[in-house]
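Undergrad: Line by line, the protein sequences give chains L and X.
Going by the numbering used here, the letters in the first sequence line up with residues -3 to 176, in that order.
Going by the numbering used here, the letters in the second sequence line up with residues 370 to 896, in that order.
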Amino acid sequence: MEPEAASTGTEPTPEVDVTDVSENFEKLDRRVLTFWILSSVMGGGVIVLAALVGGALLWIYTGFPRFIIVGVWLWLALTLFLEAWWLPRRRYEATAFRLSPACFEFRSGVYWKTSVMIPISRLQHIDLLRGPLEQRLGLATLEIFTAGTRNASHRVSGIRADRALELRRTMIESAELELE
Amino acid sequence: MNLKAGPSGGDAVRLGAWQRLHIATLIVPLLASLPALVPLIIVVVVVSRNSAAIFGMWFLIPAFALFHVLRYSTFRYQVNETEIIIQEGLFWRQERRIPVSRIQRVEIKQSAFHRILGLARVEISTAGSEEREAVLDTVSDESAHALKRVVEAAQKGEAPASEIQPKGRATLLRLPLRVLLLGGVTSRAAATFAALIGVILYFQGVAMLGSLFFRGVDPRVLDPVVNWQKFVIPGRGTRLAPVIDFFLNDTLLNSVLLVFGGFLLALIRFVGRHAGYELAQTGDVLTKSQGLLKRETSTLSRGRVQALKVEEGLLRRWFGLADVWIDSGGDRSKIDDKKKRAPFVPVLGARQLQELIPQIFPQLAGAEPSWKKVSPKAIMRGSKKGWLVVLVAMAGAVMPLGWFAVAFLPVFPLIYLLNLSSYRHTGYWMDGNYLATRKGWFTRQTLYLPVRNVQNVSLTETPFDRRLGLASITVDTAGQTNTGGGTTIRNLPMEEARRIQEALAIRSGRVTGPGLATARPTTAAQA
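Structure, rendered in structure tokens:
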């Protein structure tokens, strides 16, 4: 199983323990909840507003069946509630990452769960992105690039800004060490 | 400056000296684009008779010529031991420096035209570029090969030192005419035409037999079978009907001949394109050349092979043949462009294949993959999915067909059998250096992947997966142009999937090699 560790002259990197999953994992910053809630409210707000105004106009000026208007309002309210209140919490619980000497692992997805492992030595570069809202909240997004084709880059959003910087530095430094 | 006088004159690459393209560059593109221009000229002159259009044409041709003169006079290149430098542009002068160690592949292409004049087109690819990093169009034959030799020399001894290969040039593979012909007959295009002939004959036969044997049967049932044209071609029964009849029935022979002509053409194209196929090895550099009229020569360092895929189509499998595709990491833009895919070996026999693979992946020598299967839950899972589709189709067919919808019933066991067969042929295998996966029964695909080329590994668990305790693994590598995408292993038991993911990611990170890790700063290297 381990012929290559002997053949490469470098110090073998410590094995990542496969069994403990939750303990070494780092969660996102709690403030990401605010970020997600605000983004979905801002995104859905326009639609909700349009539906409210349009529904009200229909209610007053036409004989449009009112139960449909109320139905649409209720449905929108439910969607917005799920989208802005319930889903972010589930997402927060489902998202985690961990950095080991050998690779960076990122898990996400409430229903469609994915876990990506990126060997540190395969990193091409790392971008740090901060939108206006993220800056306000002190958050940052890391985008990690490999030379892959279809899944070449991976985004981890909602990390505390200073932690994101630190992560990036650590990863870049160990990637450089690997190169030598 | 190193201007060449004659069409075939000029010396080979002078290291470290600025050189221009071949003087024939002035005419060759013009001549090469003539066939494309002819219809345009005919349209302009004959059809339009419009003086403005003719004037426009007279304006276009000098502009075209001027463009080529400017391109020729502003383009120069230099080759030395470490890099290739190309300067071009009149107003926006651009200098590109391509470190030789970053070059993934050098291709020399010669059309029939080029070969007569002793010219060539050189295409250079690196890992970072979206397309060809540089194209030298046109240089003399000798300069092209000299340039290739310089790159080869610089790349030699770059791959792992585990090989015991002789330093000289060794031919790995040649394709005799018999294999080429067989390959042409079993190629996809030829097979399509053959199938078309079969379809025409079949339906004509059915139409004739149907009128003989099925006299007592309800004509509504046989109608779609006997008068199939009515359903396939919407024009039947309209004013176009006589025309369609003419082409479909009365000249049955003609249509068969036409399709047969297509079959022959596909065969000739295949054989012509790959005639004289030769794969040679010098140290670590593989050189492939092929083509009767248009000769193509491309080189590739063995250490740069990202993945190798063996494809065995249904027809080819009957003849014991396969084709081989490899990714070099050289071009990234064309992942989904199937037309631009080019096989590494267009066709070869089983024994040749067994000898070839260890030549490309040396550490695979002697390691016969012992395939591991995925979870057997895959069979029922796939069957259920197929059954659902058929059930929906059956429900939809009840209205028009009535009781004849029962005809769908044999499909159910068939779907189960298909899934069973697919399960039996799906497998993976992994050791310290390689990952191999295979799948498919109709067309069998086997993919070999050096673990050091793994860029990232993702594990996906859909809600359906979760109910069955399964997951799938997707392995991403660089430049999946020819093999058509990262390998995905579906229906793995969760624990096993995790183990594979961890093992691949950690091993890939640990094994260093000349994969893509060395091809990193290409973009930075462009001036």
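Ideal Cβ positions, reconstructed from N, Cα and C, are used throughout, including at glycine.
This structure is a prediction, so every number in the text was calculated from the model and none was measured.
1) Give, in chain order, every residue of the segment 81 to 111 of chain L whose Cβ lies closer than 7 Å to some Cβ of chain X.
2) For X:GLY735, return the contacting residues in chain L, with the cut-off set at a CB-CB distance below 7 Å.
3) Identify which residue in X:GLU865, X:ALA847 and X:PRO404 has its Cα closest to the Cα of X:PRO819.
4) Could you tell me which residues DSSP puts in a beta bridge with L:TYR107?
5) For X:ARG793 and X:LYS742, what's the separation of their Cα atoms in angstroms?
6) What do you get for X:TRP427, buried or exposed, if any count of 16 or more other CB atoms within 10 angstroms of its CB means buried?
7) For L:ASN26 versus L:GLY134, is the C-beta spacing smaller than 8 Å?
8) Under a three-way DSSP split, which group does X:GLU865 fall into?
9) For a contact meaning CB atoms closer than 9 Å, what does L:THR224 contact in chain X?
10) Does any residue of chain X bring its CB to less than 8 Å from the CB of L:ARG156?
11) Cβ of X:VAL448 within 8 Å of Cβ of X:LEU390?
12) CA-CA distance, X:ASP834 and X:TYR785?
13) For X:TYR797, which residues from the same chain have a beta carbon less than 6 Å from its beta carbon, with the 5 sequence-adjacent residues on both sides left out?
14) My understanding is that X:THR815 touches X:VAL674, with C-beta atoms under 8 Å, so please give their C-beta distance in whole angstroms.
15) List in chain order: all unbroken beta strand (DSSP E) runs of 3+ residues lying wholly within the segment 651 to 695 of chain X.
16) Of all Cβ atoms in chain L, is any one closer than 8 Å to the Cβ of X:SER744?
17) Assuming L:TRP71 is part of the alpha helix (DSSP H), what are its boundary residues?
18) Identify the residues that DSSP records as bridge partners of X:SER791: which are they?
19) Which of the three DSSP states, helix, strand or coil, is assigned to L:ARG165?
20) If you compare alpha carbons, which of X:GLU647, X:ARG557, X:PHE713 and X:ILE392 is closest to X:ASP506?
21) Closer than 6 Å by C-beta to X:LYS657: which residues in its own chain qualify, once you throw out the five before and the five after it? Chain order, please.
22) Quick check on DSSP: helix, strand or coil for X:ASP510?
23) Taking buried to mean at least 16 other C-beta atoms within 10 Å of its own C-beta, is L:LEU173 buried or exposed?
24) Using a threshold of 8 Å, state whether the C-beta atoms of X:THR561 and X:PHE688 are closer than that.
25) Is the shortest distance between the beta-carbon of X:VAL826 and the beta-carbons of chain L less than 8 Å?
26) Given this structure, state the Cα-to-Cα distance separating L:THR30 from L:VAL37, to the nearest angstrom.
27) Does the segment 822 to 839 of chain X come close enough to the segment 867 to 874 of chain X that 3 or more CB-CB pairs lie under 8 Å?
28) How about X:ARG503 and X:ARG465: do their beta carbons lie closer than 8 Å?
29) X:SER790 CB to nearest chain L CB: under 8 Å?
30) Of all the CB atoms in chain X, is at least one closer than 8 Å to the CB of L:ASN147?
31) Here's a check: name, in chain order, each residue in its chain whose Cβ is nearer than 7 Å to the Cβ of X:ASN802, leaving out the five neighbours to either side.
32) Residues of chain X with CB under 8 Å from L:ARG151, in chain order?
33) Quick check: L:ILE33 and L:GLY51, are their CB atoms within less than 8 Å of each other?
34) CB-CB under 8 Å to X:TYR646, same chain, minus the five flanking residues each way: which ones, in chain order?
35) Can you name the start and end residues of the beta strand (DSSP E) that X:ASP845 belongs to?
36) Taking 7 Å as the line, does the beta carbon of X:LEU565 fall inside it for any heavy atom of the ligand COA?
TA: Put simply:
1) ALA98, CYS99, TYR107, TRP108, LYS109, THR110 and SER111
2) Here residue 735 of chain X refers to the residue found at position 366 of the second sequence. Near X:GLY735 there are no residues of chain L at all, since even the closest Cβ is about 14 Å away, more than 7 Å.
3) The residue given as residue 819 of chain X occupies position 450 in the second sequence. The candidate whose alpha carbon is nearest that of X:PRO819 is X:ALA847.
4) Within the first sequence, numbered from 1, the residue matching residue 107 of chain L stands at position 111. None, per the DSSP bridge assignment.
5) Taking the first residue of the second sequence as position 1, residue 793 of chain X is located at position 424. Taking the first residue of the second sequence as position 1, residue 742 of chain X is located at position 373. Their backbone Cα atoms lie some 7 Å apart in a straight line.
6) By one-based count along the second sequence, residue 427 of chain X stands at place 58. By the neighbour-count rule (16 or more Cβ atoms within 10 Å), X:TRP427 is not buried but exposed.
7) Taking the first residue of the first sequence as position 1, residue 26 of chain L is located at position 30. Taking the first residue of the first sequence as position 1, residue 134 of chain L is located at position 138. For the sequence presented, residue 26 of chain L should be read as Arg rather than Asn. Not closer than 8 Å, so no.
8) In the second sequence, residue 865 of chain X corresponds to position 496, counting from 1. The answer is helix: DSSP assigns X:GLU865 an H, G or I state.
9) There is simply no residue 224 of chain L to check, as chain L begins at -3 and stops at 176 in what is shown.
10) Translated into the one-based positions of the first sequence, residue 156 of chain L becomes position 160. Cβ-Cβ to chain X under 8 Å: no for L:ARG156.
11) Within the second sequence, residue 448 of chain X is the residue found at index 79, counting from 1. Within the second sequence, residue 390 of chain X is the residue found at index 21, counting from 1. No, the pair does not count as a contact, with Cβ atoms beyond the cut-off.
12) Numbered from 1 along the second sequence, position 465 holds the residue referred to as residue 834 of chain X. Numbered from 1 along the second sequence, position 416 holds the residue referred to as residue 785 of chain X. Straight-line Cα distance between these residues: approximately 19 Å.
13) The residue you call residue 797 of chain X lines up with position 428 of the second sequence. Within the same chain, X:TYR797 has close Cβ partners LYS741, THR806 and ILE858.
14) Indexing the second sequence from 1 puts residue 815 of chain X at position 446. Indexing the second sequence from 1 puts residue 674 of chain X at position 305. Not confirmed; about 15 Å, so no contact.
15) 654 to 659, 664 to 670 and 676 to 681
16) Numbered from its first residue, the second sequence carries residue 744 of chain X at position 375. No, because no Cβ of chain L sits closer than 8 Å to the Cβ of X:SER744.
17) In the first sequence, residue 71 of chain L corresponds to position 75, counting from 1. Per DSSP, L:TRP71 belongs to the alpha helix (DSSP H) from 62 to 77.
18) Counting from one through the second sequence, the residue named residue 791 of chain X turns up at place 422. DSSP output for X:SER791 lists no bridge partner at all.
19) On the first sequence, residue 165 of chain L is found 169 positions in, with the first residue counted as 1. It is helical.
20) The sequence position of residue 506 of chain X within the second sequence is 137, counting from 1. Comparing Cα positions, the closest option is X:ILE392.
21) Within the second sequence, residue 657 of chain X is the residue found at index 288, counting from 1. Cβ neighbours of X:LYS657 beyond the five flanking positions: LEU648 and SER667.
22) Here residue 510 of chain X refers to the residue found at position 141 of the second sequence. Helix, per DSSP.
23) Working through the first sequence from its first residue, we reach residue 173 of chain L at position 177. Answer is exposed; the Cβ neighbour count stays below 16.
24) Indexing the second sequence from 1 puts residue 561 of chain X at position 192. Indexing the second sequence from 1 puts residue 688 of chain X at position 319. No, Cβ-Cβ distance for X:THR561 and X:PHE688 is not below 8 Å.
25) For the purposes of this step, residue 826 of chain X is taken as the residue at position 457 of the second sequence. X:VAL826 counts as touching chain L.
26) Position 34 of the first sequence holds residue 30 of chain L. Position 41 of the first sequence holds residue 37 of chain L. Going from the Cα of L:THR30 to the Cα of L:VAL37 covers about 10 Å.
27) yes
28) Walking along the second sequence from the start, residue 503 of chain X turns up at place 134. Walking along the second sequence from the start, residue 465 of chain X turns up at place 96. The identity of residue 503 of chain X in the sequence shown is Ala, whereas the question assumes Arg. Yes.
29) Reading the second sequence from its first residue, position 421 is the one you call residue 790 of chain X. Taking Cβ atoms only, chain L never reaches closer than 8 Å to X:SER790, which makes this a no.
30) Here residue 147 of chain L refers to the residue found at position 151 of the first sequence. Judged by the 8 Å Cβ criterion, L:ASN147 is in contact with chain X.
31) Taking the second sequence and counting its residues from 1, the one referred to as residue 802 of chain X is at position 433. So the list reads GLN732, PRO819 and VAL820, once near-sequence residues are dropped.
32) Counting from 1 along the first sequence, the entry for residue 151 of chain L is found at position 155. Near L:ARG151 there are no residues of chain X at all, since even the closest Cβ is about 13 Å away, more than 8 Å.
33) Position 37 of the first sequence holds residue 33 of chain L. Position 55 of the first sequence holds residue 51 of chain L. No, the Cβ-Cβ distance between L:ILE33 and L:GLY51 is not below 8 Å.
34) Residue mapping note: residue 646 of chain X aligns to position 277 of the second sequence, counting from 1. Excluding positions up to five away in sequence, the list reads LEU542, ARG543, LEU544, LEU549, LYS657, SER658, GLN659, VAL714 and PRO715.
35) Taking the first residue of the second sequence as position 1, residue 845 of chain X is located at position 476. X:ASP845 -> beta strand (DSSP E) spans 839 to 845.
36) This structure does not include the ligand COA; it has no bound ligands of any sort.
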